[in-house]
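The opening residue of the sequence shown carries number 162 in my numbering; numbering runs sequentially from there.
Here is the structure we will look at.
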Amino acid sequence: MTNLTKDFFISLSNNKLLNTNAKKWGFRLGADKFVAGTNMDSVVETVKELNSRGISGTLDNLGEFVSEKSEARIAKEEIIRTIEKINEENLDCHISLKLTQLGLDIDQEFCMSNFKEILETAATSNIFINVDMEKYVHYLKALDVLKNIRASYPNIGTVIQSYLYRAESDMEQLKDVRIRLVKGAYKESSQVAYCTKEEIDRNFIKLAKKRLLGYTFTSIATHDHKIIKELKSFVQKNNISKELFEFQMLYGFRTEMYDELIREGYNLCTYIPFGDDWFGYFMRRLAERPQNLNLIVKDVFYGKDNKLKRQPILLGTLAVTSVLVWRKKRNKKGEAG
Ligand SMILES: Cc1cc2nc3c(=O)[nH]c(=O)nc-3n(C[C@H](O)[C@H](O)[C@H](O)COP(=O)(O)OP(=O)(O)OC[C@H]3O[C@@H](n4cnc5c(N)ncnc54)[C@H](O)[C@@H]3O)c2cc1C
Numbered sequence: 162m163t164n165l166t167k168d169f170f171i172s173l174s175n176n177k178l179l180n181t182n183a184k185k186w187g188f189r190l191g192a193d194k195f196v197a198g199t200n201m202d203s204v205v206e207t208v209k210e211l212n213s214r215g216i217s218g219t220l221d222n223l224g225e226f227v228s229e230k231s232e233a234r235i236a237k238e239e240i241i242r243t244i245e246k247i248n249e250e251n252l253d254c255h256i257s258l259k260l261t262q263l264g265l266d267i268d269q270e271f272c273m274s275n276f277k278e279i280l281e282t283a284a285t286s287n288i289f290i291n292v293d294m295e296k297y298v299h300y301l302k303a304l305d306v307l308k309n310i311r312a313s314y315p316n317i318g319t320v321i322q323s324y325l326y327r328a329e330s331d332m333e334q335l336k337d338v339r340i341r342l343v344k345g346a347y348k349e350s351s352q353v354a355y356c357t358k359e360e361i362d363r364n365f366i367k368l369a370k371k372r373l374l375g376y377t378f379t380s381i382a383t384h385d386h387k388i389i390k391e392l393k394s395f396v397q398k399n400n401i402s403k404e405l406f407e408f409q410m411l412y413g414f415r416t417e418m419y420d421e422l423i424r425e426g427y428n429l430c431t432y433i434p435f436g437d438d439w440f441g442y443f444m445r446r447l448a449e450r451p452q453n454l455n456l457i458v459k460d461v462f463y464g465k466d467n468k469l470k471r472q473p474i475l476l477g478t479l480a481v482t483s484v485l486v487w488r489k490k491r492n493k494k495g496e497a498g
């Protein structure tokens with residue numbers, strides 16, 4: 162994908178107005194292919210179906226742009242309810258969350274106290290909590306929170322983004338913590354991150370191999386079949402136990418690979434986002450992969466019966482507005498240098 166298209170979708174994911182409005186629309190633009198439902202009840206069946214095929218899950222109560230303490234408290238309560246539901250339904254599932262949801266941008270102490278409540282609840286039912294990594298501006302703060310908290314809570318892990326120059330040294334610091342290794346989904350400057358696909362992929366493979374030779378559990382989170390193939394043969398060659406790692410994929414992606422991985426005896430976990438705050442997450446997925454745009458076109462212009470819709474005007478207007486907002490922002494940035 163050209164950088165321009167990627168920038169466009171990343172800028173949409175950062176647009177608070179569109180995110181807020183999208184909550185009112187319900188799932189649109191084909192988002193239901195990648196977001197499992199609007200509430201926990203609607204995703205329980207999805208998790209059960211995956212579990213029945215030997216696939217575990219990690220649930221993400223979607224939430225972006227939290228700027229009020231009341232919003233962070235609501236997010237905390239929802240996550241706690243999700244943990245309780247996992248327990249009640251006996252699901253093979255853990256939690257993924259973002260510290261900005263819990264108030265990282267408002268006050269670090271406040272965020273930490275919300276987070277501790279979640280960790281306490283999860284610890285009583287032995288449920289693992291993963292801290293997703295976000296933009297670099299939040300990265301250092303998140304590491305700081307983890308440093309303060311991790312000795313008291315063994316049920317906690319986090320993410321290393323291979324596009325960051327500092328990924329290897331941070332991974333070293335976290336060598337006794339469960340890690341999810343990803344390439345990185347945000348737009349970062351060349352001052353802190355590799356910017357070419359080759360460099361990011363090379364670092365991902367290097368870090369994955371290093372972790373696999375260690376002893377702490379690692380989630381290899383990628384849809385890249387070439388990397389998966391290379392790591393499978395690395396594991397075989399080095400006689401690495403399959404118990405020490407899992408592959409992770411996002412809900413709705415590369416589903417054709419699931420059963421084969423399970424048949425081959427690998428652990429597989431699906432990252433399952435849900436909730437009405439789907440827009441930012443969905444836009445980041447579009448930024449990653451141009452083919453996903455087909456889903457939008459299909460959803461905007463065609464009904465479930467595959468017939469052309471009569472009035473795709475609303476979403477057509479949305480698309481045009483989005484382009485205009487984005488162009489205006491870009492021009493402003495250009496003026497400011
Ligand atoms: C489980 C999970 C959790 C994540 N958590 C985070 C997080 O906390 N923080 C963060 O910054 N990022 C996170 N990400 C996103 C991640 O950083 C990448 O942006 C995203 O995974 C895209 O990189 P990739 O390695 O999957 O494949 P890409 O580099 O996008 O693609 C590589 C190649 O794989 C093939 N491919 C990829 N996708 C498909 C597909 N759908 N169908 C067919 N072929 C395909 C294509 O040949 C493509 O050229 C997460 C990703 C996953 C899978």
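Yeah, the Cβ is synthetic: ideal placement off N, Cα and C, and Gly gets one too.
Bear in mind the structure is a predicted one, so any value in this text is a computation, not a measurement.
State the beta-bridge partners of residue i as determined by DSSP.
i: residue 120; result: Missing from the structure shown is residue 120; the chain here goes from 162 to 498 and no further.
i: residue 318; result: 291, 339
i: residue 410; result: 431
i: residue 369; result: Bridge partners of residue 369: none, in fact.
i: residue 325; result: 354
i: residue 436; result: Residue 436 pairs with nothing; no bridge assigned.
i: residue 222; result: 435
i: residue 217; result: 430
i: residue 192; result: In the DSSP output, where bridge partners are listed per residue, residue 192 has none listed.
i: residue 382; result: 409
Would you check if the distance between the CB atom of residue i and the CB atom of residue j is smaller than 7 Å?
i: residue 356; j: residue 217; result: no
i: residue 381; j: residue 408; result: yes
i: residue 419; j: residue 349; result: no
i: residue 275; j: residue 265; result: no
i: residue 244; j: residue 282; result: yes
i: residue 324; j: residue 361; result: yes
i: residue 383; j: residue 372; result: no
i: residue 197; j: residue 412; result: yes
i: residue 294; j: residue 322; result: yes
i: residue 284; j: residue 251; result: no
i: residue 204; j: residue 414; result: no
i: residue 173; j: residue 444; result: yes
i: residue 254; j: residue 292; result: no
i: residue 195; j: residue 450; result: no
i: residue 152; j: residue 440; result: Not covered by the structure: residue 152. The range shown for the chain is 162 to 498.
i: residue 248; j: residue 286; result: yes
i: residue 199; j: residue 437; result: yes
i: residue 448; j: residue 246; result: no
i: residue 423; j: residue 215; result: yes
i: residue 403; j: residue 426; result: yes
Count the other CB atoms within 10 Å of the CB of residue i; is the residue buried (16 or more) or exposed (fewer)?
i: residue 386; result: exposed
i: residue 376; result: exposed
i: residue 306; result: buried
i: residue 206; result: exposed
i: residue 341; result: buried
i: residue 397; result: exposed
i: residue 170; result: buried
i: residue 319; result: buried
i: residue 428; result: buried
i: residue 219; result: buried
i: residue 400; result: exposed
i: residue 202; result: exposed
i: residue 221; result: buried
i: residue 353; result: exposed
i: residue 301; result: exposed
i: residue 392; result: buried
i: residue 517; result: The chain is shown from 162 up to 498; residue 517 falls before or after that span and cannot be answered.
Please find out if some non-hydrogen atom of ligand 2 comes closer than 6 Å to the beta-carbon of residue i.
i: residue 414; result: In the structure shown, ligand 2 is absent; the only ligands present are ligand 1.
Next on the checklist: For a minimum of 3 consecutive residues, which ranges assigned as the beta strand (DSSP E) are wholly contained in the region 234-265?
Outcome noted: 254-258
Next on the checklist: Could you check whether the region 209-229 touches the region 248-263, counting it as contact only if at least three pairs of C-beta atoms, one from each stretch, sit closer than 8 Å?
Outcome noted: yes
Next on the checklist: Three Cβ pairs or more, each shorter than 8 Å: is that satisfied between the region 302-311 and the region 232-242?
Outcome noted: no
Next on the checklist: Count Cβ pairs between the region 356-372 and the region 320-332 that sit closer than 8 Å; are there 3 or more?
Outcome noted: yes
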